[in-house]
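This report concerns only the one structure given below.
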Amino acid sequence: MFGKILLTVAVVAIIWFGFKFAQRRLEQKARRDQDPPAAGPRPVFRPDPDGESVQDLVKCPACSTWRSAKQGHCGLEKCPY
Ligand SMILES: [Zn+2]
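In this note's numbering, the protein residues as written are 6 to 86.
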């Protein structure tokens, strides 16, 4: 007798929590659909026509950093730039 009551309570609890879980997931999905990420045109990178904003980086054999050749000497004695 006691076992039947316990089983009934367990089944009701499982259904209750399962329903709550499903409802929470539906709410989260609805919230996600409601406010999509910032609308509007996405930012696009447009390099300057003079080519100054886009430069190839070269690896310095002395300090192993990647830097623009126009930056000049990195400070180390063996630096070729
Ligand atoms: Zn260097």
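Even for Gly, the Cβ is constructed at its ideal location relative to N, Cα and C.
Hey, is residue i close to ligand 1, as in C-beta under 6 Å from one of its heavy atoms?
| i | result |
| --- | --- |
| A74 | no |
| L31 | no |
| L81 | yes |
| A35 | no |
| A44 | no |
Quick one: give me the first and last residue of the alpha helix (DSSP H) that residue i is part of.
| i | result |
| --- | --- |
| R30 | F7 to Q39 |
Taking the continuous beta strand (DSSP E) assigned at residue i, which residues delimit it?
| i | result |
| --- | --- |
| R72 | W71 to S73 |
| L62 | L62 to K64 |
If you drop the 5 nearest sequence neighbours on each side, which residues of the same chain put their C-beta closer than 8 Å to that of residue i?
| i | result |
| --- | --- |
| L62 | W71, R72 and S73 |
| S58 | P52 |
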